[in-house]
Ligand code: NSS
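Residue numbers (this note's numbering): -11 to 419.
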């Protein structure tokens, strides 16, 4: 019996006879030859079936195998300088594990709605394989960044009794007769954890009932959120900058082949070096006005404004000190100008918009109570959160980075829907 191996490992077996298990990506015939493009999740290999080399039944089966049939192929590994991975297989035997029904996704162009309806199969394409690998590396890079720097992972709950990021995007669920919500952010719980452990982070799914159909919004997305006791806005911005440089650098090293396969220019990512430009909201207003996109003081920026601002820089830009009135209740006011919040948004270049949002938290009990009331939030639901200001309150700060927006930027994708295995959006809950 030939040893079973994978396409990624095929180079170790040059000259030997091995077995691969996978699926048929494509097939083409030419006289006595059948070329099978076999994929196994680690790569794609051309497996050539030459009629005189195999039993007649095997040649016959190979000639009629449908796209995405599962199979096991055995043959000799031959170096081939023309092959993408440098090898091909001279087939001796093919075992059909399951002949596929007619596969709905053909190499021709399909519309996005059709592909999203077939997302469970679309994941098999080279392009989706590359995106999922980049996503996997982004997640690992984020985790290792914090793990290596003394942060403790603290998981935040998914069911919550109160809003973190405003009441308009809450998904309500019935929790044994009590109203509950799917979490919008782990932040409030992480603040509790930061006062227990100092430097903490969480990583998990978050939910927002976004009624908008934009290329940057999902209703279910994954967020990594650090929170640090004794940290101010300045420290938070330094952390966000260092984190992005490290994560981008690492993904670029690990996933260069995938990024290139996606035809994304890696040069744009190589420029992601310190220092990042830092501008205030007020400076951003001037830039927007000069660019012919004026915004009234006090209004938040939308996707268009973010794109205009970010396009003025070759690396992410930090925009800090927005008007408190457009930001969440928990943000600390700027002691130099109480109309402003000590917050920061990081905007990615090339039109990818806000990838990070965060800032320093209000640590004064009375001020926080006032903010909760001003936002029309029920104080009772936040009584545990207010305890954090009653028992040893300290300055603290943190941020959240949306994994999908980060992956969209790194892969150069137009829309976040391709960055998550099974996207959830306003009009999509299946598959
Ligand atoms: O609303 S955020 O700006 N900030 C927070 O949730 C804070 N509570 C995080 C914190 O300080 N711990 O969202 C943070 C990021 C934002 O920059 C995006 O990258 C991402 O979360 N985000 C989204 N991604 C995809 N779809 C939607 N709807 C979405 N909303 C935010």
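Don't be surprised by glycine CBs; every beta carbon is placed ideally from N, CA and C.
As the structure is a computational prediction, the values presented were derived from the model and not from experiment.
Q) Can residue 36 and residue 47 be called in contact, C-beta distance under 8 Å? A) Indexing the chain shown from 1 puts residue 36 at position 48. Indexing the chain shown from 1 puts residue 47 at position 59. No; because the gap between Cβ atoms is not below 8 Å, this pair is not in contact.
Q: Please name the residue, chosen from 107, 39, 381 and 90, that lies closest to residue 82 on a Cα-to-Cα basis.
A: Position 94 of the chain shown, counting from 1, holds the residue named residue 82. Closest by alpha carbon: 39.
Q: Could you pull the start and end residues of the beta strand (DSSP E) that residue 17 belongs to?
A: For the purposes of this step, residue 17 is taken as the residue at position 29 of the chain shown. From DSSP, the beta strand (DSSP E) with residue 17 extends over 5 to 18.
**Q.** Separation of residue 237 from residue 346, as counted between CA atoms
**A.** Start at 1 with the first residue of the chain shown, and residue 346 comes out as number 358. Start at 1 with the first residue of the chain shown, and residue 237 comes out as number 249. Each residue's Cα considered, the two are about 22 Å apart.
Q.
Is the separation between the beta-carbon of residue 398 and that of residue 377 shorter than 8 Å?
A. Mapped onto the chain shown, residue 398 falls at position 410. Mapped onto the chain shown, residue 377 falls at position 389. No, these two residues do not count as a Cβ contact at 8 Å.
Q: Give me whichever residues DSSP pairs with residue 77 in a beta bridge.
A: Translated into positions along the chain shown, residue 77 becomes position 89. Looking at the DSSP assignment, residue 77 forms a beta bridge with 35 and 65.
Q. Is the stretch 167 to 187 touching the stretch 138 to 157, taking contact as three or more C-beta pairs under 8 Å?
A. yes
Q) Sorry if obvious, but does the Cβ on residue 381 come closer than 7 Å to a heavy atom of the ligand NSS? A) Taking the chain shown and counting its residues from 1, the one referred to as residue 381 is at position 393. Every heavy atom of the ligand NSS is 7 Å or more from the Cβ of residue 381, so no.
Q. Terminal residues of the continuous beta strand (DSSP E) containing residue 211?
A. By 1-based counting over the chain shown, the position of residue 211 is 223. First-last of the beta strand (DSSP E) with residue 211: 208 to 217.
**Q.** Beta-bridge partners of residue 385, as assigned by DSSP
**A.** Within the chain shown, numbered from 1, the residue matching residue 385 stands at position 397. DSSP output for residue 385 lists 216 and 348 as bridge partner(s).
Q. Residue 214 and residue 134 look like a contact to me (Cβ under 8 Å); what is the Cβ gap, rounded to whole Å?
A. The residue you call residue 214 lines up with position 226 of the chain shown. The residue you call residue 134 lines up with position 146 of the chain shown. Right, their Cβ atoms sit about 6 Å apart.
Q.
Starting from residue 355, trace the beta strand (DSSP E) in both directions and tell me its first and last residue.
A. On the chain shown, residue 355 is found 367 positions in, with the first residue counted as 1. Counting along the chain, residue 355 falls outside any beta strand (DSSP E), though it belongs to the alpha helix (DSSP H) covering 353 to 362.
Q: With a 10 Å radius around its C-beta and 16 neighbouring C-beta atoms as the bar for buried, classify residue 163 as buried or exposed.
A: Translated into positions along the chain shown, residue 163 becomes position 175. With fewer than 16 Cβ atoms within 10 Å of its Cβ, residue 163 is classed as exposed.
Q: Would you list, in sequence order, the uninterrupted beta strand (DSSP E) runs of no fewer than 3 residues that lie entirely inside the stretch 135 to 208?
A: 160 to 163, 166 to 170 and 187 to 195
Q | For residue 10 and residue 27, the rounded distance between their alpha carbons | A | Here residue 27 refers to the residue found at position 39 of the chain shown. Here residue 10 refers to the residue found at position 22 of the chain shown. Their Cα atoms are separated by approximately 6 Å.
(Q) Can you find the residues in the same chain that come closer than 8 Å, C-beta to C-beta, to residue 310, ignoring five residues on each side of it along the sequence? (A) As a working mapping, residue 310 is identified with position 322 in the chain shown. Around residue 310: 269, 288, 328, 329, 331 and 333.
(Q) Let me make sure I understand the geometry here. Which of 362, -5, 247 and 264 has the alpha-carbon closest to that of residue 222? (A) Numbered from 1 along the chain shown, position 234 holds the residue referred to as residue 222. Comparing Cα-Cα distances from residue 222 to each of 362, -5, 247 and 264, the minimum goes to 264.
Q) Taking 7 Å as the cut-off, is the CB of residue 346 close to at least one heavy atom of the ligand NSS? A) Residue mapping note: residue 346 aligns to position 358 of the chain shown, counting from 1. Correct: residue 346 has its Cβ closer than 7 Å to the ligand NSS.
Q: Express the C-alpha separation of residue 344 and residue 104 in angstroms, rounding to a whole number.
A: As a working mapping, residue 104 is identified with position 116 in the chain shown. As a working mapping, residue 344 is identified with position 356 in the chain shown. Whole-angstrom Cα-Cα distance: 27 Å.
(Q) Following a CB-centred definition, is residue 371 positioned closer than 7 Å to any heavy atom of the ligand NSS? (A) On the chain shown, residue 371 is found 383 positions in, with the first residue counted as 1. Not under cutoff, so the answer is no.
Q) Three-state secondary structure (DSSP) at residue 264? A) Taking the first residue of the chain shown as 1, we reach residue 264 at position 276. Three-state result, residue 264: coil.
Q. For residue 59, which of 13, -9, 95 and 302 has the nearest alpha-carbon?
A. Your numbering for residue 59 matches position 71 in the chain shown. The option with the nearest alpha carbon to residue 59 is 13.
Q: Please check the pair residue 250 and residue 400, which I expect to be a contact at CB under 8 Å, by giving their CB distance rounded to whole angstroms.
A: The residue labelled residue 250 in the question sits at position 262 within the chain shown. The residue labelled residue 400 in the question sits at position 412 within the chain shown. Their Cβ separation, rounded to whole angstroms, is 6 Å, which keeps residue 250 and residue 400 in contact under 8 Å.
Q.
Cutting at 6 Å between CB atoms, please list the residues of its own chain near residue 319, excluding the five before and the five after it.
A. Counting from one through the chain shown, the residue named residue 319 turns up at place 331. The residues are 329, 331 and 347.
**Q.** Length of the line joining the Cα atoms of residue 79 and residue 61
**A.** Counting from one through the chain shown, the residue named residue 79 turns up at place 91. Counting from one through the chain shown, the residue named residue 61 turns up at place 73. If you take the alpha carbons of residue 79 and residue 61, they lie about 7 Å apart.
**Q.** Chain-order list of residues whose beta-carbon lies under 7 Å from that of residue 131 (same chain, five-residue window excluded)
**A.** Locating residue 131 in the chain shown gives position 143, counting from the first residue. Result list for residue 131: 191, in chain order.
Q. According to DSSP, is residue 302 helix, strand or coil?
A. On the chain shown, residue 302 is found 314 positions in, with the first residue counted as 1. DSSP places residue 302 in coil when its eight states are reduced to three.
Q: Can you give me the Cβ contacts of residue 138 inside the same chain, cut-off strictly under 7 Å, excluding the 5 residues immediately before and after it?
A: As a working mapping, residue 138 is identified with position 150 in the chain shown. The answer, listed in chain order, is 187.
Q: Tell whether a beta-carbon distance below 8 Å holds between residue 21 and residue 75.
A: Counting from 1 along the chain shown, the entry for residue 21 is found at position 33. Counting from 1 along the chain shown, the entry for residue 75 is found at position 87. No, the pair does not count as a contact, with Cβ atoms beyond the cut-off.
**Q.** Helix, strand or coil at residue 407 [DSSP, three-state]
**A.** In the chain shown, the residue the question calls residue 407 occupies position 419. Reduced to three states, the DSSP call for residue 407 is helix.
Q. Which residue from 298, 95 and 7 puts its Cα closest to that of residue 114?
A. As a first step, residue 114 is located in the chain shown; it is residue number 126 there, counting from the start. Nearest C-alpha to residue 114: 95.
Q: Give every residue of the same chain whose Cβ lies closer than 7 Å to the Cβ of residue 412, excluding the five residues on either side of it in the sequence, and list them in chain order.
A: In the chain shown, residue 412 corresponds to position 424, counting from 1. Excluding sequence neighbours, residue 412 sits near 206, 207 and 208.
Q: Indicate, with yes or no, if the ligand NSS has a heavy atom lying under 7 Å from the CB of residue 363.
A: Residue numbering aside, residue 363 sits at position 375 when the chain shown is read from its first letter. No, since every heavy atom of the ligand NSS falls outside the 7 Å radius drawn around the Cβ of residue 363.
Q: Would you check if the distance between the CB atom of residue 391 and the CB atom of residue 127 is smaller than 8 Å?
A: Position 403 of the chain shown, counted from the first residue, corresponds to residue 391. Position 139 of the chain shown, counted from the first residue, corresponds to residue 127. Yes, Cβ-Cβ distance for residue 391 and residue 127 is below 8 Å.
Q | Residues near residue 384 in its chain [Cβ-Cβ closer than 8 Å; skip 5 each side] | A | Counted from its first residue, the chain shown places residue 384 at position 396. So the qualifying residues of the chain are 179, 182, 183, 215, 216, 217, 218, 219, 348, 349 and 351.
Q) Does DSSP put residue 400 in a helix, in a strand, or in coil? A) In the chain shown, the residue the question calls residue 400 occupies position 412. Coil.
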